[in-house]
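To start, the structure under review is shown below, and the notes come after it.
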Amino acid sequence: MSRKGATGVLVLPVGERDHTQGLVDAPVTLVEYGDFECPYCRQAFPIVKEVQSRLGARLRFVFRNFPLTEQHHHAQHAAEAAEAAGAQGAFWQMHDRLFERQFALEDENLIEYAQELGLDAGRVAGALAAHTYKARVREDFMSGVRSGVNGTPTFFINGVRHDEAWDVETLTKRAESSAS
Amino acid sequence: MTNTTTRVTQSTRGPLTPGVPAPDFTLPSGPGQTVSLRAFRGRPVILAFYPADWSPVCGDQMALYNEILSEFQRYGAEILGISVDGVWCHRAFAQNRNLHFSLLADFEPKGAVARAYGVYRDADGITERALFVIDGDGVVRWSYVSPIDVNPGADGILQALDDLAPSGAR
Numbered sequence: 000m001s002r003k004g005a006t007g008v009l010v011l012p013v014g015e016r017d018h019t020q021g022l023v024d025a026p027v028t029l030v031e032y033g034d035f036e037c038p039y040c041r042q043a044f045p046i047v048k049e050v051q052s053r054l055g056a057r058l059r060f061v062f063r064n065f066p067l068t069e070q071h072h073h074a075q076h077a078a079e080a081a082e083a084a085g086a087q088g089a090f091w092q093m094h095d096r097l098f099e100r101q102f103a104l105e106d107e108n109l110i111e112y113a114q115e116l117g118l119d120a121g122r123v124a125g126a127l128a129a130h131t132y133k134a135r136v137r138e139d140f141m142s143g144v145r146s147g148v149n150g151t152p153t154f155f156i157n158g159v160r161h162d163e164a165w166d167v168e169t170l171t172k173r174a175e176s177s178a179s
Numbered sequence: 002m003t004n005t006t007t008r009v010t011q012s013t014r015g016p017l018t019p020g021v022p023a024p025d026f027t028l029p030s031g032p033g034q035t036v037s038l039r040a041f042r043g044r045p046v047i048l049a050f051y052p053a054d055w056s057p058v059c060g061d062q063m064a065l066y067n068e069i070l071s072e073f074q075r076y077g078a079e080i081l082g083i084s085v086d087g088v089w090c091h092r093a094f095a096q097n098r099n100l101h102f103s104l105l106a107d108f109e110p111k112g113a114v115a116r117a118y119g120v121y122r123d124a125d126g127i128t129e130r131a132l133f134v135i136d137g138d139g140v141v142r143w144s145y146v147s148p149i150d151v152n153p154g155a156d157g158i159l160q161a162l163d164d165l166a167p168s169g170a171r
């Protein structure tokens, strides 16, 4: 068997460009590459919240876009809408809303969610129409491809791909062992 | 006893390694259609052996490659998926997942191409989850066998194509 290089290692370090929750100097950083239309990511959504609540200040969470656009026809625009909300300081509110309403991700829904969140919905609509955040989403996507993301969701704990199950217990256990 | 012998034979042989000429083959790519490896001479080819169609996860291995075809095309590379599933199964799977590249049926004689590349699992009757990058001269330049239940992603393939590029890209 020949060399595969450093597989399953996060090649784009978490930095300024990222959407993060938690402290910069938290001992554990959990990165998710996810797709807002993926049912497994929807399943993972409350699981990540529970892991965050269990680890508290010891955990920083990062979400990067990995839309599988050939399978999920709304995933690209949903990702761009999250970025557009992010430009108005509301990435996480939109992230949560998209998973909560995964069954309704048409453009009109995305714009409606921006309104509900009190954002400038016109700006979000304009960004979707102009594909303002398309390149940004692709940058997330390719950073994932180069890091060995192999489906959605894919998690990295302190930069190393998590190949095990991602139930609350397993993720918590792995995150805690990375914290110490 | 038989099992032990088989295992030893397999591990001794293993997947083809870099520097070895890639065995040519012609396999069905659909009802009444075939694809031959030699037809891609002059361009890199990615062979992705996988255990079976219809893996039950979002973004399975073939779906992931489907998303990044444009990246492979930047290297002029062709990707071919290969499993022991038949052409009708492949067709239904490709339509369901909206795949835009060929899935080849290593169906009869079963697994013959996988055997030639050293990645057939006799005990299971399926291929390994194995990747090969072949250069424009038809020489294996990179190979990798993933644990059967781990989707290897695409980072290794892209790295191998990067490594080809200075001298290998035409």
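Listed in order, the protein sequences are those of chains A and B. When the letters of the first sequence are read in order and numbered with the numbering used here, they come out as residues 0 to 179. When the letters of the second sequence are read in order and numbered with the numbering used here, they come out as residues 2 to 171. All C-beta atoms, glycine included, are put in the ideal place defined by N, C-alpha and C. In this text the structure is predicted, and so the values were computed from the model without any measurement.
How about residue i: is its C-beta nearer than 8 Å to some C-beta of chain A?
i, result
"ASP123 (chain B)", "no"
"ASP61 (chain B)", "yes"
"LEU162 (chain B)", "no"
Name, please, each residue of chain A whose Cβ falls closer than 7 Å to the Cβ of residue i.
i, result
"ILE69 (chain B)", "VAL144"
List the residues of chain A that residue i touches, going by C-beta distances under 9 Å, in chain order.
i, result
"LEU65 (chain B)", "LEU67, VAL144, VAL148, ASN149, GLY150"
"ALA155 (chain B)", "VAL144, ARG145, GLY147, VAL148, ASN149"
Quick check: is the beta carbon of residue i nearer than 8 Å to any beta carbon in chain B?
i, result
"GLN101 (chain A)", "no"
"GLN42 (chain A)", "no"
"GLN70 (chain A)", "yes"
So with CB distances below 8 Å, who are the chain B contacts of residue i?
i, result
"ASP162 (chain A)", "VAL151"
In angstroms, rounded to a whole number, what distance separates the CA positions of residue i and residue j?
i, j, result
"LEU109 (chain A)", "ALA129 (chain A)", "15 Å"
"MET93 (chain A)", "VAL144 (chain A)", "24 Å"
"THR13 (chain B)", "ASP138 (chain B)", "In this prediction, THR13 (chain B) scores a pLDDT of 46, lower than 50, which makes its location untrustworthy; no coordinate-derived value is stated."
"LYS111 (chain B)", "LEU165 (chain B)", "32 Å"
"PHE94 (chain B)", "GLN70 (chain A)", "12 Å"
"PHE62 (chain A)", "GLY33 (chain B)", "45 Å"
"LEU159 (chain B)", "TRP143 (chain B)", "11 Å"
"ASP106 (chain A)", "ALA80 (chain A)", "9 Å"
"TYR32 (chain A)", "THR151 (chain A)", "7 Å"
"VAL140 (chain B)", "VAL21 (chain B)", "6 Å"
"VAL114 (chain B)", "LEU48 (chain B)", "11 Å"
"PHE50 (chain B)", "GLN51 (chain A)", "38 Å"
"GLU138 (chain A)", "ALA89 (chain A)", "20 Å"
"SER142 (chain A)", "ASN157 (chain A)", "16 Å"
"PRO148 (chain B)", "GLU49 (chain A)", "30 Å"
"ALA64 (chain B)", "ASN149 (chain A)", "9 Å"
"ARG96 (chain A)", "CYS37 (chain A)", "14 Å"
"THR128 (chain B)", "ASP61 (chain B)", "16 Å"
"PHE73 (chain B)", "GLY154 (chain B)", "13 Å"
"PRO26 (chain A)", "THR153 (chain A)", "20 Å"
"ILE46 (chain A)", "GLU68 (chain B)", "27 Å"
Along chain A, which residues have their Cβ under 8 Å away from the Cβ of residue i?
i, result
"LEU159 (chain B)", "VAL144, ARG145"
"ARG98 (chain B)", "GLU69, GLN70"
Using a C-beta cutoff of 8 Å, does residue i count as contacting chain E?
i, result
"ARG42 (chain B)", "Among the protein chains of the structure shown, namely A and B, there is no chain E."
Runs of beta strand (DSSP E) wholly within the region 89 to 122 of chain B (minimum 3 residues, chain order)
103 to 106
With a threshold of 8 Å, are at least 3 pairs of Cβ atoms found where one atom belongs to the region 118 to 127 of chain B and the other to the region 96 to 104 of chain B?
no
Is it the case that the region 21 to 28 of chain B contacts the region 84 to 102 of chain A, given that we only count it when at least three CB pairs across the two stretches are under 8 Å?
no
Are there three or more Cβ pairs, one per stretch, closer than 8 Å when the region 16 to 25 of chain A is compared with the region 163 to 176 of chain A?
no
Validate contact between the region 36 to 49 of chain B and the region 70 to 90 of chain B using beta carbons, cut 8 Å, 3 pairs
yes
Under 8 Å, with one C-beta from each stretch per pair, do the region 55 to 63 of chain A and the region 104 to 121 of chain A reach the 3-pair mark?
no
Report yes or no: do the region 118 to 129 of chain A and the region 123 to 141 of chain B share at least 3 C-beta pairs separated by less than 8 Å?
no
Length-filtered (3 minimum) beta strand (DSSP E) runs lying within the region 5 to 33 of chain A:
18 to 20, 27 to 33
Continuous beta strand (DSSP E) assignments of at least 3 residues falling wholly in the region 117 to 165 of chain B
130 to 135, 141 to 147
At least 3 beta-carbon pairs within less than 8 Å: the region 65 to 80 of chain A vs the region 8 to 15 of chain A:
no
I'd like the ranges of any alpha helix (DSSP H) spanning at least 4 consecutive residues and lying wholly in the region 48 to 98 of chain A.
74 to 86
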